[in-house]
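A short write-up of the structure that comes next.
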Amino acid sequence: MRAMVLHRAHDPLALQDVPVPDPGPGQLRIAVRANGVCRTDLHIVDGELTEPKLPLIPGHQVVGVVDALGEGVTGLQPGDRVGLPWLGFTCGHCAFCERGEENLCDEAEFTGYDRDGGFAEYCVADARFAFPLPEGFDDVQAAPLLCAGLIGYRALRLAGAQAHRIGLYGFGAAAHILCQVATWQGREVYGFTRPGDGEGQDFARSLGATWAGGSDEAPPERLDAALIFAPVGPLVPAALRACRKGGVVVCAGIHMSDIRASPTRSCGRSDRSARWRTSPARTGASSWRSRPRCR
Ligand SMILES: [Zn+2]
Ligand SMILES: [Zn+2]
Numbered sequence: 032m033r034a035m036v037l038h039r040a041h042d043p044l045a046l047q048d049v050p051v052p053d054p055g056p057g058q059l060r061i062a063v064r065a066n067g068v069c070r071t072d073l074h075i076v077d078g079e080l081t082e083p084k085l086p087l088i089p090g091h092q093v094v095g096v097v098d099a100l101g102e103g104v105t106g107l108q109p110g111d112r113v114g115l116p117w118l119g120f121t122c123g124h125c126a127f128c129e130r131g132e133e134n135l136c137d138e139a140e141f142t143g144y145d146r147d148g149g150f151a152e153y154c155v156a157d158a159r160f161a162f163p164l165p166e167g168f169d170d171v172q173a174a175p176l177l178c179a180g181l182i183g184y185r186a187l188r189l190a191g192a193q194a195h196r197i198g199l200y201g202f203g204a205a206a207h208i209l210c211q212v213a214t215w216q217g218r219e220v221y222g223f224t225r226p227g228d229g230e231g232q233d234f235a236r237s238l239g240a241t242w243a244g245g246s247d248e249a250p251p252e253r254l255d256a257a258l259i260f261a262p263v264g265p266l267v268p269a270a271l272r273a274c275r276k277g278g279v280v281v282c283a284g285i286h287m288s289d290i291r292a293s294p295t296r297s298c299g300r301s302d303r304s305a306r307w308r309t310s311p312a313r314t315g316a317s318s319w320r321s322r323p324r325c326r
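All you need for this note's numbering is the position in the sequence shown, starting with 1, plus 31.
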């Protein structure tokens, strides 16, 4: 089969012929129809996520059709259309898995990072992490929902059902989906782009944002929650400053640069209190878990 293969960080992907993979027990093989490109793929190729399997076929927004079943797979049949996200395997029995935080499982494996992904004609996946896709989305429309949509929605849930004013930092793939979901839910969205990115701010407003501005600007109202999708550490203290007392800051990306400035002045004293949560399917999860929460 044809595949795009990463051999070394910083090298371009190479188009190669490689053997079609066989599904093992509990796995299935997917004939790939579409695969979105995620910012995280670029972090892997750029060497910012430092522990990919090599050589690697990246890609974790896979849409395809079940082509073959490994031993013991039930509930899916050849011909079913499925989607494959970043989270590709978890142990299923550790404390994180048992309380529904399986993305933080120490044994987690990620599609297109620890396992070959979908920049190929076929890929193999753990059947537990292959999701049947409903009608109503074509393959290309469905692909971004498997990472941008999924991670965005999980970040929105971490913000809490009571959060009415939501700030979205980094108005890219995830935020542009989430802005539409959140406004449909009746929430107010405040879109933050790079300073001076008028086009991005117009885009945010066109999707229903109440306000849009640069990430160096204060929103006109304090936020109930801020969701950070841009991989930019200094946005964490900025988002804490933009939140009301008791607000929630969710770090929703897979990779983020160093925060550098201490957020304690913004959140550590009685004048403000905010919680920050790291969300989704991240590598390096242990380093985040060890960080304190500010309350
Ligand atoms: Zn992604
Ligand atoms: Zn686990």
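We treat Cβ as the ideally placed atom computed from N, Cα and C, and that holds for glycine.
From the options, residue whose alpha carbon lies closest to that of residue i
| i | options | result |
| --- | --- | --- |
| R64 | F150, H286, G57, L107 | F150 |
| V68 | G264, E102, G222, M35 | M35 |
| T105 | N134, V93, Y153, P163 | P163 |
| L80 | I197, R39, V267 | R39 |
| L85 | G103, L59, H41 | H41 |
| R272 | M287, A256, G229 | A256 |
| S288 | R275, A269, A261 | A261 |
| A173 | L73, I197, R112 | R112 |
| L115 | I75, D169, L176 | L176 |
| R196 | L254, H91, G278, E132 | L254 |
| R185 | D170, R291, I208 | I208 |
| G90 | T121, D233, L37, C125 | L37 |
| D169 | C282, N66, L258 | N66 |
| V49 | L59, A235, R33 | R33 |
Heavy atom of ligand 2 within 8 Å of residue i beta-carbon
| i | result |
| --- | --- |
| E138 | yes |
| F141 | no |
| G123 | yes |
| D127 | According to the sequence as given, residue 127 is Phe; it is not Asp. Indeed, a heavy atom of ligand 2 lies less than 8 Å from the Cβ. |
| E219 | no |
| E102 | no |
| E82 | no |
| E133 | yes |
Residue i beta carbon near ligand 1 (any heavy atom closer than 8 Å)
| i | result |
| --- | --- |
| D42 | no |
Bridge partner(s) assigned by DSSP for residue i
| i | result |
| --- | --- |
| E219 | R196 |
| M35 | L46 |
| D157 | Q58 |
| V51 | Answer by DSSP bridge pairing: none, since V51 is not bridged. |
| E132 | Answer by DSSP bridge pairing: none, since E132 is not bridged. |
| T93 | Note that residue 93 is Val in the sequence shown here, rather than Thr. Answer is N66, L115. |
| P163 | V113 |
| G245 | T224 |
| R146 | T142 |
| C210 | BP columns for C210 are empty, so no partner. |
| L254 | C274 |
| F120 | E140 |
| L100 | L59 |
| L87 | L37 |
Beta carbon of residue i nearer than 9 Å to that of residue j
| i | j | result |
| --- | --- | --- |
| G183 | F202 | no |
| V93 | P109 | no |
| E252 | P226 | no |
| A158 | L118 | no |
| G222 | A206 | yes |
| P83 | Y153 | no |
| G57 | G131 | no |
| G245 | D228 | yes |
| T214 | L238 | yes |
Contact with chain D by residue i, beta-carbon distance below 9 Å
| i | result |
| --- | --- |
| R112 | Reference to chain D is not applicable here, since this structure consists of a single protein chain. |
Query raised in the report: How would the residue list near ligand 1 read, in chain order, if you kept each one whose beta-carbon is closer than 5 Å to any heavy atom?
Result: Counting only residues whose CB is nearer than 5 Å to a non-hydrogen atom of ligand 1, the list in chain order is C69, T71, C178.
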